[in-house]
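**Q** Residue numbers (the numbering used here): 1 to 174. Even for Gly, the Cβ is constructed at its ideal location relative to N, Cα and C.
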Amino acid sequence: MLLLECYIINQKTLYMQGFYDRNGKRCTLVRELDKTFTVDRSPLHILEDSIKCIGYDLKGAMASAKWILGEIHMPPVMINPIQSICVFSDKSAKNEDTIWFNPVHIVRTISYKKKTYIEFSNGITLILHCSVSSFNTKLQNAMQLRNLTTEMGKNPISMILDPSKRKPTRKNKK
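Pasting the structure below:
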């Protein structure tokens with residue numbers, strides 16, 4: 001399998017998952033639309049590297065997501081607002097086997113025997129040991145963050161979030 005030294009999350013990224021290689025080093029399995037490969041960096045390093053490319057950091061991206069969506073548990077992360085690339089995790093980033101998903105490539109989720117079957121835009125299916133409702137909530141949060149961030153960037157009308165309601169309200173610039 002192809003081994004890369006570094007990787008930047010892009011529009012072809014489906015998901016990525018951390019693992020330990022035979023020497024005990026933290027690496028990442030990356031699945032793109034048309035290929036799968038290993039990166040010699042942890043998923044969190046890949047997230048950090050990808051966000052740094054546009055002049056931000058992971059801590060700030062997570063804080064922004066909570067500001068936009070409210071104080072949700074395990075917020076999604078906007079990787080690149082210019083290209084509308086957002087990712088979300090199936091569990092805490094602290095877990096070794098956390099998977100980071102790009103929501104735009106998820107076509108369908110199906111519940112079967114307390115597991116979630118995820119179908120991607122390229123026809124690949126992945127099975128997770130979690131409830132479909134929990135996964136779909138995270139998917140919905142990621143899509144909402146992606147849509148709101150994209151809207152804020154494109155629309156000349158500024159969007160101001162009312163923290164008490166956690167709903168965006170539009171206010172004309174003067």
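Over what stretch of residues does the alpha helix (DSSP H) that includes Met143 continue unbroken?
**A** 132-154 is the span of the alpha helix (DSSP H), which, as asked, contains Met143.
**Q** By how many angstroms is the C-alpha of Leu145 removed from the C-alpha of Ile214?
**A** Within the shown structure, residues of the chain are numbered from 1 to 174, placing residue 214 beyond reach of any answer.
**Q** Going by Cα to Cα distance, which pick from Val77, Leu69, Lys66 is closest to Leu58?
**A** It is Val77.
**Q** Is the beta carbon of Thr38 less than 8 Å from the beta carbon of Met1?
**A** Yes, the Cβ-Cβ distance between Thr38 and Met1 is below 8 Å.
**Q** For the beta strand (DSSP E) that Met78 lies in, which residues bound it at each end?
**A** 77-80 is the extent of the beta strand (DSSP E) around Met78.
**Q** Which same chain residues, not among the five before or five after Tyr20, have their C-beta less than 8 Å away from its C-beta?
**A** Excluding positions up to five away in sequence, the list reads Arg26, Cys27, Glu96.
**Q** Look at the alpha carbon of Ile99 and the alpha carbon of Leu3, and state the distance between them as a whole number of angstroms.
**A** So the two alpha carbons sit approximately 19 Å from each other.
**Q** Using C-beta distances below 7 Å, list every residue in its chain close to Ile118, excluding the 5 sequence neighbours before and after it, in chain order.
**A** Contacts found: Ile106, Thr109, Thr125, Leu126, Leu128.
**Q** Classify Lys113 as buried or exposed, calling it buried when 16 or more other Cβ atoms lie within 10 Å of its own Cβ.
**A** With fewer than 16 other Cβ atoms within 10 Å, it is exposed.
**Q** Are Ile51 and Ile79 touching if we call contact CB-CB under 8 Å?
**A** Taking 8 Å as the Cβ cut-off, Ile51 and Ile79 qualify as a contacting pair.
**Q** Using C-beta distances below 7 Å, list every residue in its chain close to Asn136, excluding the 5 sequence neighbours before and after it, in chain order.
**A** Answer for Asn136: Thr109, listed in chain order.
**Q** For Ser84, name the three-state secondary structure that DSSP assigns.
**A** DSSP places Ser84 in coil when its eight states are reduced to three.
**Q** In angstroms with no decimal places, state the Cα-to-Cα distance between Ser64 and Ile46.
**A** The straight-line gap from Cα to Cα measures roughly 19 Å.
**Q** To the nearest angstrom, how far is it from the Cα of Ser121 to the Cα of Arg41?
**A** Ser121 and Arg41: Cα-Cα distance of roughly 26 Å.
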